[in-house]
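Enquirer:
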Amino acid sequence: MSRLPVQRLVAAARGWRGFSVCESCALRRFSIQPAQQKKIPNRYLGQPSPFTHPHLLKPGEVTPGLSQVEYALRRHKLMALIQKEAHGWEGLDHTVILLSNPTYYMSNDIPYVFHQDTNFLYLCGFQEPDSILVLQSIPGKALPYHKSILFVPRRDPSRELWDGPRSGTDGAVALTGVDEAYTIEEFRHLVAKLKGESNIVWYDLTKPVHTELHSDYMQSLAEIKARNKNHIQGIRHLVQNLRLIKSPAEIERMKIAGRVTAEAFTETMFASKSPVDEAFLYAKFEFECRARGADILAYPPVVAGGNRSNTLHYVKNNQLIKDGELVLLDGGCESSCYVSDITRTWPVNGRFTKPQAELYQAVLDIQKSCLSLCSPGMSLENIYSLMLSLIGQKLKELGILKSSITESPFFKAVQKYCPHHVGHYLGMDVHDTPDISRSLPLQPGMVITIEPGIYIPEDDVSAPERFRGIGVRIEDDVVITEDAPLILSADCPKEIYHIEQICGCSS
Numbered sequence: 004m005s006r007l008p009v010q011r012l013v014a015a016a017r018g019w020r021g022f023s024v025c026e027s028c029a030l031r032r033f034s035i036q037p038a039q040q041k042k043i044p045n046r047y048l049g050q051p052s053p054f055t056h057p058h059l060l061k062p063g064e065v066t067p068g069l070s071q072v073e074y075a076l077r078r079h080k081l082m083a084l085i086q087k088e089a090h091g092w093e094g095l096d097h098t099v100i101l102l103s104n105p106t107y108y109m110s111n112d113i114p115y116v117f118h119q120d121t122n123f124l125y126l127c128g129f130q131e132p133d134s135i136l137v138l139q140s141i142p143g144k145a146l147p148y149h150k151s152i153l154f155v156p157r158r159d160p161s162r163e164l165w166d167g168p169r170s171g172t173d174g175a176v177a178l179t180g181v182d183e184a185y186t187i188e189e190f191r192h193l194v195a196k197l198k199g200e201s202n203i204v205w206y207d208l209t210k211p212v213h214t215e216l217h218s219d220y221m222q223s224l225a226e227i228k229a230r231n232k233n234h235i236q237g238i239r240h241l242v243q244n245l246r247l248i249k250s251p252a253e254i255e256r257m258k259i260a261g262r263v264t265a266e267a268f269t270e271t272m273f274a275s276k277s278p279v280d281e282a283f284l285y286a287k288f289e290f291e292c293r294a295r296g297a298d299i300l301a302y303p304p305v306v307a308g309g310n311r312s313n314t315l316h317y318v319k320n321n322q323l324i325k326d327g328e329l330v331l332l333d334g335g336c337e338s339s340c341y342v343s344d345i346t347r348t349w350p351v352n353g354r355f356t357k358p359q360a361e362l363y364q365a366v367l368d369i370q371k372s373c374l375s376l377c378s379p380g381m382s383l384e385n386i387y388s389l390m391l392s393l394i395g396q397k398l399k400e401l402g403i404l405k406s407s408i409t410e411s412p413f414f415k416a417v418q419k420y421c422p423h424h425v426g427h428y429l430g431m432d433v434h435d436t437p438d439i440s441r442s443l444p445l446q447p448g449m450v451i452t453i454e455p456g457i458y459i460p461e462d463d464v465s466a467p468e469r470f471r472g473i474g475v476r477i478e479d480d481v482v483i484t485e486d487a488p489l490i491l492s493a494d495c496p497k498e499i500y501h502i503e504q505i506c507g508c509s510s
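Every position in the sequence shown, counted from 1, becomes a number in this note's numbering once 3 is added.
#1: Quick check: the Cα distance between GLN10 and THR179, rounded to an integer number of angstroms?
#2: Just list the residues that DSSP pairs LEU443 with in beta bridges.
#3: Based on the DSSP secondary-structure assignment, which residues constitute the bridge partners of LYS2?
#4: What residue from ARG169, VAL450, ASN244 has the CA that sits closest to LEU428's CA?
#5: From PRO460 to PRO437, what distance separates their C-alpha atoms?
#6: Under a Cβ-count criterion, where at least 16 other Cβ atoms within 10 Å of its own Cβ denotes burial, should LEU383 be classed as buried or exposed?
#7: Tell me which residue opens and which closes the beta strand (DSSP E) that CYS336 is part of.
#8: Within its chain, find whatever has a CB closer than 7 Å to the CB of ASN122; leave out the 5 residues flanking it on each side and keep chain order.
#9: Three-state secondary structure (DSSP) at VAL481?
#10: What does a CB cutoff of less than 7 Å around ARG77 pick up in its chain, not counting 5 residues either side in sequence?
#11: Taking just the CA atoms, how far does THR484 sit from ILE490?
#12: Between which two residues does the alpha helix (DSSP H) holding ASN385 run?
#13: Identify whether PRO488 lies in helix, strand or coil by the three-state DSSP scheme.
#14: Near TYR317, what residues of its chain come up, given a Cβ to Cβ distance below 6 Å and the 5 sequence neighbours on each side ignored?
#15: Using the Cβ count rule (16 or more neighbours within 10 Å means buried), how would you classify GLY353?
#16: Taking the alpha-carbon of GLN370 as reference, which of MET431, SER465, LEU84, ARG347 has the nearest alpha-carbon?
#17: Quick one: residues in its chain with C-beta nearer than 6 Å to the C-beta of ILE403, no 5 flanking neighbours on either side, listed in chain order?
#18: Taking all protein chains shown into account, decide if ALA487 is buried (16 or more other Cβ within 10 angstroms of its Cβ) or exposed.
#19: If you draw a straight line from the alpha carbon of ILE439 to that of LEU445, how long is it in whole angstroms?
#20: By the DSSP assignment, the alpha helix (DSSP H) with GLY180 in it spans what residues?
#21: Closer than 7 Å by C-beta to PHE414: which residues in its own chain qualify, once you throw out the five before and the five after it? Chain order, please.
#22: Grab the span of the beta strand (DSSP E) containing GLY474 for me, first residue to last.
#23: Counting along the chain, where does the alpha helix (DSSP H) carrying MET257 start and finish?
#24: Do you know offhand how far PRO422's Cα is from ALA89's?
#25: Measuring only the C-alpha atoms, how far is HIS118 from LYS397?
#26: Going by CA-CA distance only, name the one from CYS377, GLN418, VAL425, ASP480 that's closest to SER343.
#27: Tell me whether HIS97 is buried or exposed, calling it buried when 16 or more other Cβ atoms sit within 10 Å of its Cβ.
#28: Per the DSSP calculation, TYR108 is bridged to which residue(s)?
#29: DSSP state of LEU333, grouped into three classes?
#30: Quick one: what's THR348 bridged to in DSSP?
#31: Taking only the alpha-carbon atoms, compute the straight-line gap between ASP462 and GLY309 and give it to the nearest angstrom.
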């Protein structure tokens with residue numbers, strides 16, 4: 004990032020609602036790096052700020068470790084992508100609209116913990132529901148010049164008494180560094196200006212993240228645009244292209260998430276005993292993540308003992324794990340908007356049996372081979388193909404597959420014992436940038452998971468009896484670099500010797 008020139012985004016001499024501004028104000032308000040940062044209000048906002056949470060955020064940061072400049076640069080890059088996509092639409096204005104998530108309720112007036120839409124969050128860092136981010140091209144200026152506007156819930160003492168403080172328009176501008184902010188009700192004034200044929204709207208019409216805001220404001224606009232054959236353009240794929248490559252600041256956030264999760268795994272292994280309730284290990288893992296600063300778990304973890312490890316997304320986590328059984332724990336945390344995703348498999352009594360060790364070591368060898376391929380130019384699909392070949396070889400060596408099996412049914416037989424892919428992209432979401440093909444060549448700055456597994460159900464009579472009921476998966480988080488891959492979860496034990504040492508200490 005430091006090598007990119009900081010360009011100032013000069014605004015037109017008039018605001019979006021026709022308010023005149025002086026040229027120096029325009030220069031200040033629409034630059035990537037504001038000439039003078041607005042003072043954070045001396046009150047609680049709708050999210051942590053450097054004023055109320057100096058232990059979490061430094062001055063100028065919107066979310067921990069990510070500055071106003073970083074978020075402004077993302078918006079700038081998005082408008083640069085739109086400039087490329089808009090070839091042939093010269094002379095037209097462009098408006099990007101992203102909706103926040105709403106508050107979801109588990110029953111009546113009891114809300115779930117709010118979690119922001121990650122595309123919206125990626126571009127502004129604002130963490131309140133019922134909000135809208137708008138990026139507008141500036142008349143007379145070529146893209147990527149633009150101005151950024153947030154529409155946010157108005158301050159309401161009666162609601163804030165129950166739900167907590169809101170940032171308001173002043174807090175939204177000061178915290179996030181956007182150019183302007185208005186109350187959500189004022190968004191209708193902007194919508195009215197977008198109905199003409201001279202304005203291209205970029206908005207995800209097919210999958211609105213906030214159905215109420217969509218029906219209140221965007222549905223009628225989409226219908227008008229469709230009649231004029233000036234159709235609304237999707238924006239999700241462009242944001243995902245940006246999110247795919249992590250900045251140095253993002254990788255630092257992911258290092259923290261990886262370290263926290265690795266330490267939580269170690270403590271959970273140390274607390275294992277036999278018999279042990281899956282719910283206890285679940286609770287222990289979550290506690291250790293939260294005690295180290297994680298905001299939440301990244302997803303409901305899999306804590307699967309014995310044969311239940313062969314159910315890939317087993318999340319009931321309510322059974323006893325018996326002496327002599329393995330537990331497969333697939334878990335991760337979210338820390339400052341970025342997540343981890345790690346899987347380890349270990350014996351709850353501290354000792355692998357011979358068949359368990361054989362199968363575990365086979366998976367570990369395969370995983371190490373796959374990790375060695377995590378370099379620029381390779382793809383997840385390439386690594387997946389290698390993983391299937393290696394699993395097939397190991398299954399033959401262990402006597403699970405016949406050595407005489409031919410190539411045609413070979414991969415089908417392998418996929419029976421490993422029905423999932425080798426990995427996925429990782430970032431603000433666990434299955435990050437899901438629309439990006441796994442055939443895309445890896446580039447420095449991408450973050451992926453590598454997670455081979457072998458699963459042998461207890462009722463698989465075609466497999467040797469000693470392996471039945473054993474499921475093993477080993478998963479690490481990997482940053483692609485110009486050199487050797489950076490393993491974010493490297494501190495999480497996975498060698499048999501180390502696991503037995505840790506688990507044995509608790510026995």
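Idealized CB from N, CA, C, for every residue including glycine.
Expert: According to the structure data:
#1: Any answer about GLN10 is weak, because its pLDDT of 35 lies below 50 and its placement is not dependable; what the coordinates show is given next. The alpha-carbon atoms of GLN10 and THR179 are separated by roughly 18 Å.
#2: DSSP lists no partner for LEU443.
#3: It is not possible to answer for residue 2, since the shown part of the chain is limited to 4 through 510.
#4: Here residue 428 is Tyr; the residue named in the question, Leu, does not match the sequence. Nearest option by C-alpha distance: VAL450.
#5: 29 Å
#6: buried
#7: 336-338
#8: LEU101, ARG239, VAL242
#9: strand
#10: TYR125, LEU126, LEU245
#11: 10 Å
#12: 383-400
#13: coil
#14: VAL305, ALA307, ARG311
#15: buried
#16: ARG347
#17: ALA466
#18: exposed
#19: 11 Å
#20: Note, GLY180: premise wrong, no alpha helix (DSSP H); not H, not E.
#21: LEU391
#22: 473-476
#23: 251-273
#24: 41 Å
#25: 42 Å
#26: ASP480
#27: buried
#28: PRO114
#29: The residue asked about is misnamed: residue 333 is Asp in this sequence, not Leu. Note: ASP333 maps to strand in three-state DSSP.
#30: LEU331
#31: 13 Å
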